[in-house]
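Asks: Input: one structure, supplied below.
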Amino acid sequence: MRRSPRDLDKVHRTMTRRTLLLGGLQAAFIGGLAARMRYMQVDQADQFRLLAEENRINIRLIPPTRGELFDRNGRIIAENTPSYRVVIVREDAGDVEKVIANLQQLIPLDPEELERARTEMRRSPPFLPVTLADQISWEDISKVAVNAPALPGITPEVGLTRVYPQGGDFAHVVGYVGPVSDYDLSQMQDPEPVLRIPRFQIGKVGLEAKQEDLLRGKAGAKRVEVNATGRVMRELDRREGQPGADLQLSVDTRLQAYVQARLGGESAAAVVIDCDTGDLRAIASAPSFDPNLFVRGISIADYRSLTENPYRPLANKAVQGTYPPGSTFKMITAMAALEAGLLGPEDTVYCPGYLEVSGRRFHCWKRSGHGHVDLENSLKQSCDVYYYDVALKVGIDKISAMAQEFGLGIKHDIPMSAVARGLTPNKDWKTRVHKQDWLIGDTANSSIGQGYMLASPLQLAVMTARIATGRKVDPRLVKSIDGVEQPSGAGEPMAVNQNNLRKLRRAMYSVSNDRRGTAYGSRILTDEFRMAGKTGTSQVRNITAAERAAGVIRNEDLPWERRDHALFVCFAPFDKPKYAVSLVVEHGGGGSAAAAPIARDIILQALYDGFPPLEAYPAKDRSRVSAQQERLQRELRPAAKPEDKDRA
1 MRRSPRDLDK VHRTMTRRTL LLGGLQAAFI GGLAARMRYM QVDQADQFRL
51 LAEENRINIR LIPPTRGELF DRNGRIIAEN TPSYRVVIVR EDAGDVEKVI
101 ANLQQLIPLD PEELERARTE MRRSPPFLPV TLADQISWED ISKVAVNAPA
151 LPGITPEVGL TRVYPQGGDF AHVVGYVGPV SDYDLSQMQD PEPVLRIPRF
201 QIGKVGLEAK QEDLLRGKAG AKRVEVNATG RVMRELDRRE GQPGADLQLS
251 VDTRLQAYVQ ARLGGESAAA VVIDCDTGDL RAIASAPSFD PNLFVRGISI
301 ADYRSLTENP YRPLANKAVQ GTYPPGSTFK MITAMAALEA GLLGPEDTVY
351 CPGYLEVSGR RFHCWKRSGH GHVDLENSLK QSCDVYYYDV ALKVGIDKIS
401 AMAQEFGLGI KHDIPMSAVA RGLTPNKDWK TRVHKQDWLI GDTANSSIGQ
451 GYMLASPLQL AVMTARIATG RKVDPRLVKS IDGVEQPSGA GEPMAVNQNN
501 LRKLRRAMYS VSNDRRGTAY GSRILTDEFR MAGKTGTSQV RNITAAERAA
551 GVIRNEDLPW ERRDHALFVC FAPFDKPKYA VSLVVEHGGG GSAAAAPIAR
601 DIILQALYDG FPPLEAYPAK DRSRVSAQQE RLQRELRPAA KPEDKDRA
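Going by the UniProt record's numbering, the first residue of the sequence shown is number 1, and it counts up by one from there.
Below is the structure:
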């Protein structure tokens, strides 16, 4: 069918419009392309010429600044100090061994550190920096910086490293940091990229490990431009990280240093707790060690000296060590009987020196016995038979429940490593664990803190604070985080008869202030600071019938590891308790001779906030105490002034 001229003209006009539209689009595209090419080739010519000359952009992590630790008064406990180091990036270095050889001509490199760096380079991605030399001098870092063009892949850096200015005083509380290990990474589900930077420091033990997430902070990042030799040409942009939180602890640096020094050469532990708030004012384990040795990797010789020491300096005896509490547990047995209504304060028990239980004699520490004793006299003279008799009436289940009410057998929630739960055994526990029935003799042993019963010095301090206040005091180690006060450990009133607690406190007062009390020799003479306490001696060996008949061997005549543990718990002032103290001297012998004098000195130091006057001590002790104070004042590490480091 032929089209008319009109139809042909209409088709022609339509095709012309389409052609013009298509042509216009092509022209716009070509124009845009030309403009972009001009922008890149003319306006941005210098930048792209630089990049074209084998330059490239690297993204590098910025390690966060670790949070610092302070005592309750703002004195520094753990801080970050500048550290000069030299790092190498393997993929930028080319011939790594040649570069290292050139570097050795400029600065000394430790062979052991160098071998460690080679190992890290083999295991790490080629783009990660590896430290070749750390904590070097300003002169050495300057030499490296000046010769940077001849050292491809080598970069001088200024970083931060952890320092513990108080040395061993806080080693068991704070712990220490160290480089991230393969084991550390294996324990994490999704490790942050910053943790893969070789020698990045994280908390290994103690509070440093338990509060790692708070202290570490968040990493930042920067984009840098490097040339073909790996040298950084310029920093293009930077995203700052988030520093870790600063923590203020409840401990007092000066009191902690005193306690550590007062424990001296003993294998011992002491805890000082604030009865009003639950704050741990001091928590010491002796002997201690210098945590600074671990920050960059401890030497084999230093580590061996710590692990082979029979006094176990690496163990935190204050929270990790568990011991039979001995006679310090007698308040719990008495309280269980008082609360059950099976014992009155005037009720007496006759002590002939032993109690016959199921055909077996359970002996009192005093071979001739104490005669008729009531509650106050039983604690004052620490009569064992009284508590055997009372325990058989009340039963182990009630005793165990009362022990937990006073903080024993409980893992207290403080950020320290290996906090022990201890053990307050009962019938179900023995059936479940030992597949045996509970025996009546087990109850007799437990009543005086022997047998299966175990407690840590921390738990004994909590127990004493609860007896002193009648409140469920909980220990607190972290006082504030970035200035935000943490919940107090003051606790609510305990669900026990307060009159019964008053009777226990009065009996503990007699222990320290009555002439027949086992701790009378360690009394405090200052009226407003009178102390109430309880001695304890826990056996670590069985005494056979033959030895008992021939005469029990004195502790001082036994090898050290077979001697009894010495314990003492106390609080003061008696009328308005401020502090409670627990002390354990491993294999120290008797609690009255070995533990009570040390605990008395510690609580006086806390009450006076410094060395107490000699008038606070019995006259017979003043000459010895004076010489002791002079010696300790010379030994104590000078504490940092609060105004110098008061950033908490």
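Even for Gly, the Cβ is constructed at its ideal location relative to N, Cα and C.
None of the values given here were measured: they were computed from a predicted structure.
Along the chain, where does the beta strand (DSSP E) containing H172 start, and where does it finish?
Replies: Within the sequence shown, the letter at position 172 stands for residue 172. Careful: H172 lies outside any beta strand (DSSP E), inside the alpha helix (DSSP H) at 171 to 174.
Asks: Less than 8 Å between the CB atoms is what I'm expecting for E376 and R506, so what's the real figure, rounded?
Replies: Within the sequence shown, numbered from 1, the residue matching residue 376 stands at position 376. Within the sequence shown, numbered from 1, the residue matching residue 506 stands at position 506. Their Cβ separation, rounded to whole angstroms, is 7 Å, which keeps E376 and R506 in contact under 8 Å.
Asks: Roughly how many whole angstroms lie between the Cα atoms of L69 and D389?
Replies: Here residue 69 is taken as the residue at index 69 of the sequence shown, counted from 1. Here residue 389 is taken as the residue at index 389 of the sequence shown, counted from 1. Rounded to the nearest angstrom, the two C-alpha atoms are 50 Å apart.
Asks: Following the continuous beta strand (DSSP E) through residue 656, name the residue where it begins and the one where it ends.
Replies: Residue 656 lies beyond the stretch modelled for the chain, which goes from 1 to 648, so this question has no answer here.
Asks: So, with DSSP's three-state summary, where would you put K384?
Replies: Stepping through the sequence shown from its first residue, residue 384 is reached at position 384. According to the sequence shown, residue 384 is Asp rather than Lys. Helix, per DSSP.
Asks: In whole angstroms, give me the CA-to-CA distance for residue 667 and K503.
Replies: Since the first residue shown for the chain is 1 and the last is 648, residue 667 is missing from the structure and cannot be characterised.
Asks: Check the DSSP bridge columns for D134 and list the partner residues they point to.
Replies: For the purposes of this step, residue 134 is identified with residue 134 of the sequence shown, where counting begins at 1. According to DSSP, which records beta bridges pairwise, D134 is partnered with R85.
Asks: Check for me: the beta strand (DSSP E) holding V272 runs from which residue to which?
Replies: Taking the sequence shown and counting its residues from 1, the one referred to as residue 272 is at position 272. Per DSSP, V272 belongs to the beta strand (DSSP E) from 268 to 274.
Asks: Please state whether DSSP places L525 in a helix, a strand or coil.
Replies: Taking the sequence shown and counting its residues from 1, one reaches residue 525 at position 525. Coil at L525, not helix or strand.
Asks: When burial is assigned at 16 or more other CB atoms within 10 Å of the CB, is N499 buried or exposed?
Replies: The residue labelled residue 499 in the question sits at position 499 within the sequence shown. Exposed, because fewer than 16 other Cβ atoms sit within 10 Å of the Cβ of N499.
Asks: For V87 and P126, which I take to be in contact (beta-carbon distance under 8 Å), what is that distance rounded to the nearest angstrom?
Replies: By 1-based counting over the sequence shown, the position of residue 87 is 87. By 1-based counting over the sequence shown, the position of residue 126 is 126. The Cβ separation is near 13 Å, so there is no contact.
Asks: Looking only at C-alpha atoms, which of A35, I136, H363 sits nearest to R85?
Replies: The residue you call residue 85 lines up with position 85 of the sequence shown. When only C-alpha atoms are compared, the closest one is I136.
Asks: Between C570, E339, V89, M37, which lies nearest to residue 649 when the distance is taken from Cα to Cα?
Replies: Here the chain has residues from 1 to 648 only, and residue 649 is not among them.
Asks: Leaving aside the five residues before and after L632 along the sequence, list all residues of the same chain whose C-beta is less than 6 Å from its C-beta, in chain order.
Replies: Walking along the sequence shown from the start, residue 632 turns up at place 632. The answer, listed in chain order, is A261.
Asks: By Cβ distance below 8 Å, which residues in the same chain neighbour K645 in space, the five residues on each side in sequence not counted?
Replies: Reading the sequence shown from its first residue, position 645 is the one you call residue 645. Note that K645 scores 44 on pLDDT, short of 50, meaning its location in the model is unreliable and no value can be drawn from it.
Asks: How long is the line joining the alpha carbons of G264 and E630, rounded to whole angstroms?
Replies: For the purposes of this step, residue 264 is taken as residue 264 along the sequence shown, with counting starting at 1. For the purposes of this step, residue 630 is taken as residue 630 along the sequence shown, with counting starting at 1. Straight-line Cα distance between these residues: approximately 14 Å.
Asks: Mind checking F29: buried by the 16 CB within 10 Å criterion, or exposed?
Replies: For the purposes of this step, residue 29 is taken as residue 29 along the sequence shown, with counting starting at 1. Looking at its Cβ environment, which holds fewer than 16 other Cβ atoms inside 10 Å, F29 is exposed.
Asks: Over what stretch of residues does the beta strand (DSSP E) that includes V357 continue unbroken?
Replies: For the purposes of this step, residue 357 is taken as the residue at position 357 of the sequence shown. Unbroken beta strand (DSSP E) run through V357: 354 to 357.
Asks: Leaving out five residues before and five after A468 in sequence, what residues of the same chain have Cβ atoms less than 6 Å from its Cβ?
Replies: Here the question's residue 468 lines up with position 468 in the sequence shown. These residues qualify, in order along the chain: C275, F571, P577, A580.
Asks: Helix, strand or coil: which one does DSSP assign to D442?
Replies: On the sequence shown, residue 442 is found 442 positions in, with the first residue counted as 1. If DSSP states are grouped into helix, strand and coil, D442 belongs with the helices.
Asks: Taking just the CA atoms, how far does G483 sit from E556?
Replies: For the purposes of this step, residue 556 is taken as the residue at position 556 of the sequence shown. For the purposes of this step, residue 483 is taken as the residue at position 483 of the sequence shown. Looking at the two C-alpha atoms, the distance is approximately 51 Å.
Asks: Please state the DSSP three-state secondary structure of T119.
Replies: Sequence index remark: in the sequence shown, residue 119 carries index 119 (1-based). Reduced to three states, the DSSP call for T119 is helix.
Asks: Distance check for Y323 and M453, CA to CA, integer angstroms please.
Replies: Position 453 of the sequence shown, counting from 1, holds the residue named residue 453. Position 323 of the sequence shown, counting from 1, holds the residue named residue 323. If I take the Cα positions, the gap works out to 8 Å.
Asks: Report the residue from L185, S181, A221 whose alpha carbon sits nearest the alpha carbon of T119.
Replies: Looking up residue 119 in the sequence shown gives position 119. Among L185, S181, A221, the Cα nearest to that of T119 is on S181.
Asks: Thinking A594 and V584 are a contact (beta carbons under 8 Å), I'd like their distance in whole angstroms, please.
Replies: By 1-based counting over the sequence shown, the position of residue 594 is 594. By 1-based counting over the sequence shown, the position of residue 584 is 584. Wrong, their Cβ atoms sit about 10 Å apart, outside the cutoff.
Asks: With distances taken from CA atoms, which of P487, Y509, T535, G536 is nearest I524?
Replies: Stepping through the sequence shown from its first residue, residue 524 is reached at position 524. Closest by alpha carbon: Y509.
Asks: Whose C-beta lies closer than 7 Å to the C-beta of K641 among residues of the same chain, with five residues either side of it excluded?
Replies: For this step, residue 641 is matched to residue 641 along the sequence shown. Caution applies to K641, whose pLDDT of 44 falls short of 50 and renders its modelled position unreliable; the model cannot decide the point.
Asks: So, for G369: in the same chain, excluding its five sequence neighbours on each side, which residues have a beta-carbon less than 6 Å away from its beta-carbon?
Replies: Looking up residue 369 in the sequence shown gives position 369. Answer for G369: C351, P352, G353, listed in chain order.
Asks: Determine, using beta carbons only, whether V394 and L355 come nearer to each other than 7 Å.
Replies: Translated into the one-based positions of the sequence shown, residue 394 becomes position 394. Translated into the one-based positions of the sequence shown, residue 355 becomes position 355. Cβ atoms of V394 and L355: not closer than 7 Å.
Asks: If you draw a straight line from the alpha carbon of V496 to that of T328, how long is it in whole angstroms?
Replies: For the purposes of this step, residue 496 is identified with residue 496 of the sequence shown, where counting begins at 1. For the purposes of this step, residue 328 is identified with residue 328 of the sequence shown, where counting begins at 1. Each residue's Cα considered, the two are about 19 Å apart.
Asks: Verify whether the separation of the beta carbon atoms of R238 and K222 is less than 7 Å.
Replies: Taking the first residue of the sequence shown as position 1, residue 238 is located at position 238. Taking the first residue of the sequence shown as position 1, residue 222 is located at position 222. Contact: yes.
Asks: Cα-Cα, which of S582, G591, R36 is closest to I603?
Replies: On the sequence shown, residue 603 is found 603 positions in, with the first residue counted as 1. Selected option, being the one with the closest Cα: S582.
Asks: Extract the residue ranges of the alpha helix (DSSP H) inside the stretch 271 to 311, only unbroken runs of 4 or more that lie entirely within it.
Replies: Correct list: 292 to 295, 300 to 307.
Asks: Go ahead and pull the three-state DSSP assignment for V194.
Replies: Stepping through the sequence shown from its first residue, residue 194 is reached at position 194. In this structure, V194 counts as helix in the three-state DSSP scheme.
Asks: When we look at the beta-carbon of A171 and count the other beta-carbons within 10 Å, is it buried (16 or more) or exposed?
Replies: As a working note, residue 171 is residue 171 in the sequence shown. The residue in question, A171, is buried, as its Cβ has 16 or more Cβ neighbours within 10 Å.
Asks: Are three or more beta carbon pairs between the stretch 413 to 433 and the stretch 395 to 404 nearer than 8 Å?
Replies: With the cut-off at 8 Å, the stretch 413 to 433 and the stretch 395 to 404 touch.
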